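Comments concern the structure below.
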Amino acid sequence: MIIKYANDGATFENEDHSFEFCLDNKRDIKTDSLIDENSGQKTGEVRDVFNFVGFVSNENNDLMIVGPKNYKFGNLKHDAQVIFQTISKHMQKKPDLYFGEKSNQIYSSNYPFSSFFEVYDYYKKYGMFFDDKVIKKPNVGGRVDWKATISKANKFVDSNNLFLYPLYYRTKHHYSTFITECMIFVIDYTISKFSYFIDYETTGSEFPEFDFMGNTNFVINFLNEIKEQQFKDLSQRLIESLINFFAKVRLGGNFYLKHYSFSSIWEDMIEEYLNRNYSGIDVKKHNIIFDKNKSNDLKFSKRSFHTNSAKPSQYISPDHYSEYNDTQLIFDAKYYSKVVGIDYKQVAYIFMLQNLIDTKTDKKKFLKTYSALILPSDKRSTKIHFSLDRKFGNNDIIITEEYLMIKDVMEEFLSY
512 MIIKYANDGA TFENEDHSFE FCLDNKRDIK TDSLIDENSG QKTGEVRDVF NFVGFVSNEN
572 NDLMIVGPKN YKFGNLKHDA QVIFQTISKH MQKKPDLYFG EKSNQIYSSN YPFSSFFEVY
632 DYYKKYGMFF DDKVIKKPNV GGRVDWKATI SKANKFVDSN NLFLYPLYYR TKHHYSTFIT
692 ECMIFVIDYT ISKFSYFIDY ETTGSEFPEF DFMGNTNFVI NFLNEIKEQQ FKDLSQRLIE
752 SLINFFAKVR LGGNFYLKHY SFSSIWEDMI EEYLNRNYSG IDVKKHNIIF DKNKSNDLKF
812 SKRSFHTNSA KPSQYISPDH YSEYNDTQLI FDAKYYSKVV GIDYKQVAYI FMLQNLIDTK
872 TDKKKFLKTY SALILPSDKR STKIHFSLDR KFGNNDIIIT EEYLMIKDVM EEFLSY
């Protein structure tokens with residue numbers, strides 16, 4: 512088994528073609544125009560780059576790991592686990608992004624990982640499924656249920672003897688045994704198959720003897736029958752996840768798991784990172800101070816401001832906005848390999864919001880406005896992105912580029 516690795520946005524090398532990884536050349540590899548960092552203009556040169564985060568294999572079981580932009584690889588197995596767990600946690604936190612007609616624009620896999628996540632999440636929260644059904648029907652054999660028979664059967668009297676017909680029998684259907692074995696198979700089979708990057712605990716149960724992979728049609732049909740007997744939404748969702756898993760799982764061959772919108776994960780991770788670690792602004796150094804033991808309870812969120820009086824329905828929405836006392840913070844998460852040119856949107860944000868009027872006092876609401884782009888990197892650093900030239904007015908307008916170690920952000924995201 513050969514393990515290769517690269518980064519989203521990194522050059523796709525010619526030698527990678529020889530491995531015949533499960534790649535869509537039209538979607539997974541894109542042609543990228545090289546940009547001059549100073550002018551922001553195209554240089555005329557192009558290159559092929561990776562356009563996703565995830566995992567792809569080939570028929571020989573070789574594996575290509577594609578990490579996020581600027582993710583620095585070290586221990587490949589640990590890094591693979593961090594990448595997989597980050598994607599899986601985001602899927603569980605934002606399931607609406609990963610299901611439905613447009614989900615394929617964000618995420619694609621030929622293995623039913625999404626169904627696996629749902630089954631595993633149920634198992635971690637509630638344990639194994641247990642909900643046997645007792646069915647009472649006439650003339651089916653088993654043990655007579657006299658209470659049901661007396662209340663439901665027709666009554667006949669002959670020679671002073673009371674006869675009841677039909678007799679109702681009590682039959683217990685052990686649905687829980689089958690569903691439990693389905694859960695054990697889905698969880699333990701998946702963890703075993705992808706043990707290189709799935710660092711989850713197995714169920715610890717005895718692996719089922721039943722050949723699930725060779726009888727998927729039977730399994731799906733039986734699960735559909737059981738689902739009809741279930742009235743709890745939670746049980747129905749579990750069974751639906753099991754059905755979806757067995758409808759998609761296949762034996763052998765290559766596999767892929769590709770995330771095409773890691774920017775959405777970066778944005779959500781940054782919001783949680785800010786809420787947990789933002790401590791303040793170093794005014795002299797023009798950088799954000801992060802502290803895991805911060806003393807404030809400041810919270811960031813996406814905010815909308817209707818700034819266009821000519822068209823009031825239009826608005827701007829900074830990714831991470833907060834305010835306290837006489838200070839407002841306007842931060843935007845940017846999932847870039849590097850910044851080229853001016854981020855005009857962030858410049859517009861600070862110009863439109865720095866003189867925000869307090870509707871209660873009709874005076875300027877904030878004395879200080881801090882603005883920053885927050886980007887992934889392999890080390891912590893700060894750069895000045897924009898500083899208004901004095902001849903154009905207020906030279907206090909500064910936008911910084913705050914580079915955070917993306918590996919640290921991801922590992923903290925996984926820690927809570």
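Residue numbers in the sequence shown follow the working numbering, run continuously in steps of one, and reach 927 at the last position. We put the beta carbon where it would ideally sit given N, CA and C, even for glycine. Source: prediction; values computed, not measured.
What three-state label does DSSP hand residue i in the structure shown?
i	result
K515	strand
S703	helix
Y618	strand
Y609	coil
R558	strand
D919	helix
S812	strand
F723	coil
P829	coil
D527	helix
K902	helix
F708	coil
L762	coil
E717	coil
S888	strand
F924	helix
E913	strand
D873	coil
T818	coil
S824	coil
Is it the case that the Cβ atoms of residue i and residue j are separated by a distance below 8 angstroms?
i	j	result
K769	S620	yes
K600	F924	yes
F566	F773	no
F523	V557	no
V858	I895	no
N562	I540	yes
S928	K580	Outside the displayed span of the chain (512 to 927) sits residue 928, for which this structure offers no information.
D590	I513	no
S625	N765	no
N786	K813	no
S775	L608	yes
W777	Y826	no
E548	V920	no
Y860	S824	no
L749	Y633	yes
Q741	Q747	yes
Where DSSP assigns a beta bridge to residue i, which residues make up the other side?
i	result
Y631	Beta-bridge pairing links Y631 to no other residue.
Q839	E834, T880
K553	I546
G565	V577, K769
I908	BP columns for I908 are empty, so no partner.
K522	Checking the displayed sequence, the identity of residue 522 turns out to be Thr instead of Lys. Partner(s): V560.
I540	F561
A844	I885
I868	K875
Which residue comes first and which comes last in the alpha helix (DSSP H) that contains residue i?
i	result
T727	727-739
N755	744-759
H589	587-604
I861	855-864
Terminal residues of the continuous beta strand (DSSP E) containing residue i?
i	result
H770	767-770
Y789	789-793
M936	This structure cannot settle anything about residue 936, because the visible part of the chain is limited to 512 through 927.
L894	Residue 894 is actually Lys in this sequence, not Leu. Where K894 is concerned, the enclosing beta strand (DSSP E) stretches over 892-898.
M575	574-578
I800	798-801
Against chain B, does residue i count as a neighbour if the rule is that its beta carbon must be under 8 angstroms from one of theirs?
i	result
F862	Reference to chain B is not applicable here, since this structure consists of a single protein chain.
Inter-stretch contact (C-beta, 8 angstroms, three-pair minimum) for the region 833-843 and the region 864-878: The region 833-843 makes contact with the region 864-878: 3 or more CB pairs, one atom from each, lie closer than 8 angstroms.
The region 514-533 touching the region 725-733, judged by at least three CB pairs closer than 8 angstroms: Output reads no: the region 725-733 does not touch the region 514-533.
Segment contact flag, the region 800-817 with the region 783-791, C-beta cutoff 8 angstroms, min 3 pairs: The answer is yes - the region 783-791 touches the region 800-817, with three or more Cβ pairs under 8 angstroms.
Any 3 or more C-beta pairs closer than 8 angstroms across the region 902-916 and the region 869-889: Yes: at least three Cβ pairs fall under 8 angstroms.
Touch test, the region 867-881 against the region 823-840, Cβ-Cβ under 8 angstroms, three pairs minimum: Yes, they touch.
The region 629-642 touching the region 752-762, judged by at least three CB pairs closer than 8 angstroms: Result yes; three or more Cβ-Cβ pairs closer than 8 angstroms.
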